[in-house]
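If you read the sequence shown in UniProt numbering, its first letter stands for residue 1, the second for the next number, and so on. Taking it in order: structure first as C-alpha cells, then the write-up.
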Amino acid sequence: MGACLALGALGSCASCLCGSASCLLSSCCPSTTNSTVSRLAFSFLLLLGTLVSVIMILPGMEGHLKQIPGFCLGGTAIPGLDNKVNCDIMVGYKSVYRMGFALTCFFFLFTIIMIRVRNSKDPRAAIQNGFWFFKFLLLVGLAVGAFFIPDGTFNTVWYYFGLVGSFFFIITQLILLVDFAHSWNQSWLLKAEEGNTKCWFAALLSFTFLFYAVAFSAVVLFYVFYTKPDDCTEHKVFISLNFIFCIIVSIVAILPQVQEAQPTSGLLQASFISCYTMYVTWSAMTNNPNRQCNPSLLSLVQNVTTPGPTPTQTPGSVQWWDAQSIVGLVIFLFCTLYASIRSSTNTQVNKLMQTEDHQGLTSDYSSTGEDGVRRAVDNEEEAVTYNYSFFHFSLLLASLYIMMTLTNWYMPDTDYQTMQSTMPAVWVKICSSWLGLLIYLWTLVAPLVCSNRDFS
C-alpha cells in the first residue's frame, strides 16, 4: 500500500514538473494562486543555488573541488600563473562565482523571454507557470557549463558585475523592508481599532523603541570600534551622515502633512529602516581594506574578554560565516521569500515593485478538483498580478548579491594568492544605503509632491 501511494505521489509530481499547469497543492497548503506558486518555485531554485554555493565554500570542500579537471591547477588562462594559483583559497571563490554566473544567466534568460507578458493567455505564461523539471535541468546545465569557463579576466570582470547588481539589490531589499514595515504597522493599527487598543499600541511602541535603541547603539559602537582619533575619516563621515539621514526620515514620517496623506505611516517603519541602514553601514565598513579601521568581530570580542594583542584577520581566507555575511544571508532569505508571498496595500511600493495590490497567500482563492486535490487558481486570465520580467530581473540581482555576500565582497589579488577587501565594495554599499533612504523618503512625501495623483 505504501509503495502504491508513493508511486501515485510520484506520478502527480511528474505531471506537475513536466506539465504546463501550476503545481498541485496538498490539502494542508493554504489556498493560493498560480502567480504565487510560480514565484515561490522560482525563489526555491534561487535558494537551491544558494545552498549549493554555501556547500562549495565550506571548509574541507576545496579538496573535492580541486579534483575537477582543469578547474584550478593548469586551468588558468592568465600568462605566468599556470600551476601557481593558491587553489586552497581560490577554488571556493571560483565555485561561488560560477554558480552565481549560472543563476544570473538563468534568470536573465527568463527576464528576456517574459518581456511584456500581459495575461495567462499569452503562450509564454505557460512557460512561466509550468515545466519546472525542464527549468531545473536548464539550471543544472548552466551550472555545469559555468565550471568550464577559463579564468582569464572572468573573475575580475564578474566581480564588478556583482558590485553593480548588488548595489541595486540592496535598494530592492530596502523597498521590500519598507513594504513589510508598512504592512506590519497597518495590521497592528487595524487590530488596535478592533479591540484591546492599549495592548496593540504598547506592542507598536515597544518594537519602535527596540529598533531605535538597536540603531542608536550601533552608531555608538561604530564610533568606538570602527574609527580612530587620527584616522578612519571615511567611517566618521559614513556613520554621521547615515545617522543624520535616519533622523530626517524619522521626523518626516510623523509630520502632520504626511500623517494626513498616509495615516498608516509612522515611526515603526522609520525605526525599522534605520536599523537596516545601520546594518548596511556596518557591512560597508567591514570591507574597508584599512585593517586599522576594520577590526574583525572576533578580534573585538577577544579584545574585550582577554586583554592582549589583537588577533590579525586573514584576508586570504573565504569565510562567508563572518557576522555581517550571516546577517546579510538572513535578510536575503527573508526578502526573497517575502517577495514571493507579499500582499501589499502600499501603492508607491507596488509601483516600484511592479505588482498589484493584495497579491499573495490568501483564502479567497481555492479550487478543488474531482479527485479532492487542491489546485492553484489561475488569477491572471485578465491581467498578470506582477511583472514577470521585472520579477526575474530582481532574482538576477539577488543572485549577484548572494554571490558577493558568500565571498565577503573580496577580490583576488594580481597573483591569485589571496583575496582582498576593496574600496569599491565600500562605496557600493554606502551609496545604495543613501539611495534607499531617498526612496523611502519618496514613499512618504509622494502624495504631497504629486497631489494630483491618486495614492489611496
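Yeah, the Cβ is synthetic: ideal placement off N, Cα and C, and Gly gets one too. Remember, it's a predicted structure, so these values are computed and weren't measured experimentally.
Beta carbon of V52, beta carbon of M99: below 7 Å? Yes, the pair counts as a contact, with Cβ atoms nearer than the cut-off.
Beta-bridge partners of D151, as assigned by DSSP: Paired residues: none, contrary to the question.
Can you say whether D179 is buried or exposed, counting buried as having 16 or more other CB atoms within 10 angstroms of its CB? Burial call: buried.
Could you check the C-alpha separation between S120 and S206 for me, to the nearest Å? CA-to-CA, the gap between S120 and S206 works out to about 45 Å.
CA nearest to the CA of N387, picked from A41, A125, V91: Here the closest residue by C-alpha is A125.
Buried or exposed by the 16-neighbour rule on C-beta atoms within 10 Å, applied to N185: By the Cβ neighbour-count rule, N185 is buried, with 16 or more other Cβ atoms within 10 Å of its own.
How big is the Cα-Cα spacing for S250 and L438? Rounded to whole angstroms, S250 to L438 spans 12 Å at the Cα level.
Compare the beta carbon distance of L396 and F108 with 7 Å and say whether it is the shorter of the two. Yes; because the gap between Cβ atoms is below 7 Å, this pair is in contact.
DSSP-derived helix/strand/coil call for Q262: Residue state, collapsed to three classes: coil.
Determine whether the beta carbon atoms of L45 and L189 lie at a separation below 7 Å. Annotated as distal: L45 and L189, with beta-carbon spacing of 7 Å or more.
F134 beta carbon less than 7 Å from that of I430: No.
In whole angstroms, give me the CA-to-CA distance for E193 and S265. When rounded, the distance between both Cα atoms is 16 Å.
How is K121 classed by DSSP in three states: helix, strand or coil? K121: coil per DSSP, three-state reduction.
Starting from R116 and walking both ways along the alpha helix (DSSP H), at which residues does that stretch end? Note, R116: premise wrong, no alpha helix (DSSP H); not H, not E.
Who are the Cβ neighbours of E260 in its own chain at under 6 Å, not counting the five residues just before and after it? There are no such residues.
Just to check my reading of the structure: R118 and A383 have Cβ atoms closer than 8 Å, yes? What is that Cβ distance to the nearest angstrom? Between R118 and A383 the beta-carbon gap is near 6 Å, inside 8 Å, which marks them as a contact.
Our contact map puts F169 next to L400 with C-beta atoms below 8 Å; I'd like the distance itself, whole angstroms only. Contact holds; Cβ gap of about 7 Å.
How big is the Cα-Cα spacing for S340 and P229? Annotation: S340 to P229 spans about 46 Å, alpha carbon to alpha carbon.
Measuring alpha carbon to alpha carbon, tell me which residue in T281, Q173, I248 is nearest V220. Out of T281, Q173, I248, the CA that lies nearest to the CA of V220 is found in T281.
So what does Y93 bridge to, in DSSP terms? In DSSP, Y93 forms no bridge with anything.
Within a Cβ cutoff of 6 Å, which residues of the same chain sit near I273, ignoring the five residues on either side of it in sequence? Result list for I273: Y440, in chain order.
If distances are taken between C-alpha atoms only, which option among T33, A41, K94 comes closest to P406? First, the amino acid is wrong: residue 406 is Leu here, not Pro. Here the closest residue by C-alpha is K94.
Of the residues Y338, V91, Y226, C246, which one's Cα is nearest the Cα of G60? That would be V91, whose Cα lies nearest to the Cα of G60.
Bounding residues of the alpha helix (DSSP H) (the contiguous stretch that carries C431): Secondary structure note for C431: its alpha helix (DSSP H) is the uninterrupted segment 423-449.
Rounded to the nearest angstrom, what separates T336 and M403 at their Cα positions? The straight-line gap from Cα to Cα measures roughly 14 Å.
Any chance the CB of P295 is under 6 Å from a heavy atom of the ligand MN? With respect to the ligand MN, the structure offers nothing, as it holds no ligand at all.
So, with DSSP's three-state summary, where would you put T405? Helix, per DSSP.
Does any CB atom of chain B fall closer than 7 Å to the CB of P229? This model lacks chain B altogether, as it is built from one protein chain only.
Got a sec, what are the start and stop residues for the alpha helix (DSSP H) G141 sits in? That run of the alpha helix (DSSP H) goes 132-146.
If you draw a straight line from the C-alpha of L25 to the C-alpha of M411, how long is it? Legend: pLDDT at L25 = 48, less than 50; position of this residue unreliable, value from coordinates given subsequently. Cα atoms of L25 and M411: separation of roughly 44 Å, rounded to the nearest angstrom.
Buried or exposed: which applies to S35, given that a residue is buried once 16 or more other Cβ atoms fall within 10 Å of its Cβ? In this structure S35 is buried. Its beta-carbon is surrounded by 16 or more other beta-carbon atoms within 10 angstroms.
Rounded Cβ spacing between L448 and Q324 (contact assumed at less than 8 Å): That pair is no contact at about 36 Å.
So what does DSSP say about D230, is it helix, strand or coil? The DSSP-derived three-state label of D230 is coil.
Given this structure, state the Cα-to-Cα distance separating Q269 from A181, to the nearest angstrom. Their backbone Cα atoms lie some 5 Å apart in a straight line.
Can you give the beta carbon distance from M56 to H392, rounded, assuming they're within the 8 Å contact cut? Approximately 24 Å separates the beta-carbon atoms of M56 and H392; this is outside 8 Å, ruling out the contact.
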